[in-house]
Amino acid sequence: MLEQTRVAIYARVSTNDQNVDNQVRQLNDWASERNWQVVNTYQENESAWKSGHQSELASALKAARHRQFDVLLVWALDRLSREGSAQILNLVNTLRAYGVRVFSLQESWTEAPGEIGDILYAIAGWVARMESQRRSERTKAGLSRLKAQGKVLGRPPGSKDKHQRKKVRKISRLNTYA
């Protein structure tokens, strides 16, 4: 008797104005079409940059290390990381070492075996990083333009947070996944 492929879903959005529902629904449909068993869904509902780490991704990696699933499904590779090709390759290789493959709904080539897959992962990581840098540059340019127009940016002088901010431990993202 053939064993059913066990999959986990990882979905991430970057702002509180977004939600992961569309990603999760389509990834569940994809798994169902292939007769795969979804054993867990990991959801990040905030920017990985703001939070300092991706706790759900770290949980998924821990579960992968314990062989709780065979495939990690993502909407797109940039949902794993926007830190560039090295980070995406590191994550994919870490998962591969645990016996888990990463499949992306938007990048069907992720199912390709061998070295060509490694090259394509590197390119996808580079594109995600460049997109993130461009977005940051556009934001900075917009803020600079507003400042040049005399607009006051930021909080009014003397204002304080209504709620105390959480202190985020600064740790290496690579150590988070180890």
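Heads up, the sequence shown stops at 321 in our numbering, and the numbers go up one at a time, no gaps. Cβ coordinates follow ideal geometry from the N, Cα and C atoms, glycine included.
- Under the three-pair Cβ rule at 8 angstroms, the stretch 148-166 counts as touching the stretch 210-222.
- DSSP, read as helix, strand or coil, puts Glu187 in strand.
- Here Glu254 is exposed, its C-beta having fewer than 16 other C-beta atoms within 10 Å.
- For Ala291, there are no CB contacts under 6 angstroms within the same chain when 5 residues up- and downstream are skipped.
- In the displayed model, Leu216 falls within a strand according to three-state DSSP.
- With respect to the C-alpha of Asp164, the residue from Val182, Glu187, Trp179 having the closest C-alpha is Glu187.
- Distance from the CA of Gly301 to the CA of Gly285, rounded to the nearest whole angstrom, comes to 25 angstroms.
- By the CB criterion at 8 angstroms, Val243 and Ala207 fall inside the cutoff.
- In this structure, the alpha-carbon of Leu223 lies about 23 angstroms from that of Glu176.
- Exclusion of the five residues before and after Glu199 leaves Tyr153, Arg155, Tyr185, Gln186, Glu187 as the residues of its chain whose Cβ lies within less than 8 angstroms of its Cβ.
- In the three-state reduction of the DSSP assignment, Ser275 falls in the helix class.
- In the DSSP assignment, Val167 falls outside any beta strand (DSSP E) and lies within the alpha helix (DSSP H) extending over 164-176.
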